[in-house]
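Read the structure below first, then the notes.
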Amino acid sequence: MENHKEYIIQFDGLRFYAIFMVMIAHWFQWQFNNPVINGFPFAQGVTLFFVLSGFLITDILIRNKLKYESSARSKKQMVISFYGRRFLRIFPIYYLTLFFLLTINYPKTRELFPWLASYSSNIYQSIHCTFVGDFNHFWSLAVEEQFYLFWPWLIVFTPNKYIAKVILGSILVSVATKAYIFFSYPGNWMASSYFTFSCMNALGIGALFAYWNIFKPDLADWLRNKILIIGTIIIYFILNYYFRLRNILIGNEVINEVLFAIMSALIINQASKNGFKGFFKLLLENKFVVYCGKISYGMYVYHLFMPALLWYLKDKIGFGSGDKYIQFIAFFMLTFILSHISWRIIEFPISKLKSKFEYFTK
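The sequence shown begins at 730 in the numbering used here and counts up by one.
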């Protein structure tokens, strides 16, 4: 088993590009009438987040599981530590945001509050196939929370020799779920994208690469082959545009996300060793990029509310530009400022409490 690096700077770089892709998809991409721009998979930034989450969570669980097993300590305590640390990272700004919006009676907050408060808005959208205003991006946070409910128990209490089969099974079930929804409920693309099991292919592919890094390091190293990574990226984009330009629905709604997840996993696998050099190292390790990656959770939570905030502030600050490029920059800066303040005042101080839920170390 290889030693684990506590901090992987290139992961923060990937987090920035994931949130930046999502921002472009939500604020910018829809304003163009260009098949190349419209066909670029900016919205798959969420998939990149899922693959990275699957990789990191599974890596944490397996490595700590092995430590607890070697010391004959209770793995239940390890699971409690996992949930305590996740609670401190995710819940504070999510619920503060939710209750603040409830207090000011922000559109759709009261109507959707039970779904939002229970992290189940993705289920609501899967059932009704409808957008939920500025809360639309919360579906992916719901998927993450539902993933946390069962994944630690599966990984921690499944015998090590069966973990790979559990992960592969989750990927196959996910792809089968997406295909079933596509054929059985045509037109309900939200269910094939937002339903928890629909997303398990991305989370599972990330988990599989984490498993390989721990138990099959030679395979993980082989998968860092530059030709393989570049070739996969080229194949993905060829198929992505082919599906879109030909309007092949099963390609767009089922296959595309799986292919993007595989491509993302190869990139994450390389970054897990801070393995990108030269120009790509500069892209991932730029100080501003890394800091944005560090505060990317806040940026994701807040970003879709920024257009409404700007329209509220525009007369007060004298902002009157209708230019889509200037608006995008303004939205980004507002998101960055709010997320920076959130990190300094709320998230970072609360993160210090993680010391109350430390994992056992040998």
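Heads up, the beta-carbon is just placed ideally off N, CA and C, and yes, glycines get one too.
Predicted model only: the values in this text are computed from it and were never measured.
Taken through DSSP and simplified to helix, strand or coil, Arg802 comes out as coil. Nearest in C-alpha terms to Asp1052, of all of Phe842, Ser1071, Trp756, Ile737, is Trp756. Taken through DSSP and simplified to helix, strand or coil, Phe1034 comes out as coil. Assigned with DSSP and collapsed to three states, Arg975 falls in coil, not helix or strand. According to the DSSP assignment, Asn942 belongs to the alpha helix (DSSP H) that extends over 925-944. DSSP places Tyr877 in the helix class (H, G or I) of the three-state scheme. Contact annotation: Asn889 and Ala949 have beta-carbon atoms that are not nearer than 9 Å.
Annotation for Trp844: the continuous alpha helix (DSSP H) segment containing it runs 838-846. Note that the region 1011-1020 does not touch the region 1034-1048; fewer than 3 beta-carbon pairs, one per stretch, sit closer than 8 Å.
Under the three-state reduction of DSSP, Val861 is assigned to coil, being neither helix nor strand. Less than 9 Å divides the Cβ of Leu932 from the Cβ of Phe876. With a cut-off of 8 Å on Cβ pairs, the region 985-999 is in contact with the region 961-971, counting three or more such pairs. Burial state of Pro881 is buried, judged by a 10 Å Cβ sphere holding 16 or more other Cβ atoms. Per DSSP, the unbroken alpha helix (DSSP H) holding Tyr746 starts and ends at 738-756. By the 16-neighbour rule on beta-carbons within 10 angstroms, Gln854 is buried. For the pair of segments examined, the region 743-755 was found to touch the region 770-783: the number of CB pairs separated by less than 8 Å reaches three. Residue environment analysis places Trp951 among the exposed positions, since fewer than 16 neighbouring C-beta atoms fall within 10 angstroms of its C-beta.
Assigned with DSSP and collapsed to three states, Pro770 falls in coil, not helix or strand. The way I'd put it, the region 999-1009 doesn't touch the region 912-931; fewer than three beta-carbon pairs between them come closer than 8 Å. Put simply, of Ser1080, Phe1089, Leu1067 the residue whose alpha carbon is nearest the alpha carbon of Thr826 is Leu1067. Secondary structure at Asp947: helix, using DSSP grouped into helix, strand and coil. Spatial neighbours of Ala747 in its own chain (CB-CB distance under 6 Å, excluding positions within 5 residues in sequence) are listed in chain order as Gly774, Leu777, Phe778. Taking 9 Å as the cut-off, the beta carbon of Ile963 is found no closer than this to the beta carbon of Val780. Three or more Cβ pairs drawn from the region 831-850 and the region 861-875 lie within less than 8 Å of each other, which places the two stretches in contact. Distances from the CA of Leu978 to each of Thr787, Leu785, Thr887, Ser922 were compared; the closest alpha carbon is that of Ser922. With respect to the 9 Å criterion, Ile884 and Leu785 are not classified as neighbours on the basis of their beta carbons.
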